[in-house]
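In what follows, a structure is listed as structure tokens, so that the remarks can point back to it.
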Amino acid sequence: YRCDGYNDCSDGSDEENCPSEISVDNPYMDHYPDAQWGAEEDCPTGHAFAFDMKYEKPGAVDQTSVNAVKMYCRDDSNGALTGQITSFEGRYGDYMGLRTCPEDDDKLTGFRLQVWPYQGTFGDDWAIDNVQISCNGNYTLDGMGNNVFEEEMNNDVRKV
Numbered sequence: 001y002r003c004d005g006y007n008d009c010s011d012g013s014d015e016e017n018c019p020s021e022i023s024v025d026n027p028y029m030d031h032y033p034d035a036q037w038g039a040e041e042d043c044p045t046g047h048a049f050a051f052d053m054k055y056e057k058p059g060a061v062d063q064t065s066v067n068a069v070k071m072y073c074r075d076d077s078n079g080a081l082t083g084q085i086t087s088f089e090g091r092y093g094d095y096m097g098l099r100t101c102p103e104d105d106d107k108l109t110g111f112r113l114q115v116w117p118y119q120g121t122f123g124d125d126w127a128i129d130n131v132q133i134s135c136n137g138n139y140t141l142d143g144m145g146n147n148v149f150e151e152e153m154n155n156d157v158r159k160v
């Protein structure tokens, strides 16, 4: 995730308000050696404008919940699709459907994860339960397809 050019940090001059990368703590790394984030990926060219979330619905004996996030990239100058980038992908679940920013607001600029704390020895640790991604303006995409309004997002969104 990089600064998108709409902010005053497109030249890297405002690193505090527009960092070049953002991260989320992984509460499971101390309990499960395999609970690692996947490798970092960038769009081949252009920017990410849409995403899809792989999710295992409740009901499984060992619920795994969110098992991947896939982002779709387009060229900045002509809007042509340039590829996709995918997080590490778990084997369970199905993709929930493409979530796309509005055409006039089409850059992914921040995200919020619902992360469940470690449940202990006899709990079902399913880690991330949902992903929400904000577009360049005031629109937010929800991995589960729920309507999200910007006033609900306030400071919880990690802007880039």
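Each residue of the sequence shown is one higher than the one before, starting from 1 at the first, in UniProt numbering.
Quick reminder that beta carbons are idealized off the backbone N, C-alpha and C, glycines included.
Boundaries (first-last residue) of the beta strand (DSSP E) holding residue i
{"i": "Leu98", "result": "Taken as a continuous stretch (DSSP letters only), Leu98 belongs to no beta strand (DSSP E), as it is neither H nor E."}
{"i": "Ala50", "result": "His47 to Tyr55"}
{"i": "Ala68", "result": "Val66 to Arg74"}
{"i": "Asn136", "result": "Premise fails: Asn136 is in no beta strand (DSSP E) and is neither H nor E."}
Residue environment, residue i, which counts as buried when at least 16 other CB atoms sit within 10 Å
{"i": "Asn146", "result": "exposed"}
{"i": "Thr45", "result": "exposed"}
{"i": "Phe88", "result": "exposed"}
{"i": "Lys57", "result": "exposed"}
{"i": "Asn136", "result": "buried"}
{"i": "Asp104", "result": "exposed"}
{"i": "Asp94", "result": "exposed"}
{"i": "Ser77", "result": "exposed"}
{"i": "Arg91", "result": "exposed"}
{"i": "residue 163", "result": "Residue 163 lies beyond the stretch modelled for the chain, which goes from 1 to 160, so this question has no answer here."}
{"i": "Leu98", "result": "exposed"}
Helix, strand or coil at residue i according to DSSP, with G and I counted as helix
{"i": "Asp42", "result": "coil"}
{"i": "Asp105", "result": "helix"}
{"i": "Thr86", "result": "strand"}
{"i": "Arg112", "result": "strand"}
{"i": "Pro58", "result": "strand"}
{"i": "Asn78", "result": "coil"}
{"i": "Gly145", "result": "coil"}
Cα-Cα separation, residue i to residue j
{"i": "Phe49", "j": "Asp42", "result": "13 Å"}
{"i": "Gly143", "j": "Asp75", "result": "23 Å"}
{"i": "Asn138", "j": "Thr64", "result": "31 Å"}
{"i": "Phe111", "j": "Thr82", "result": "22 Å"}
{"i": "Asn155", "j": "Cys101", "result": "A caution first: Asn155 carries a pLDDT of 39, below 50, which makes its placement in the model too unreliable to give a value."}
{"i": "Ser134", "j": "Asp106", "result": "10 Å"}
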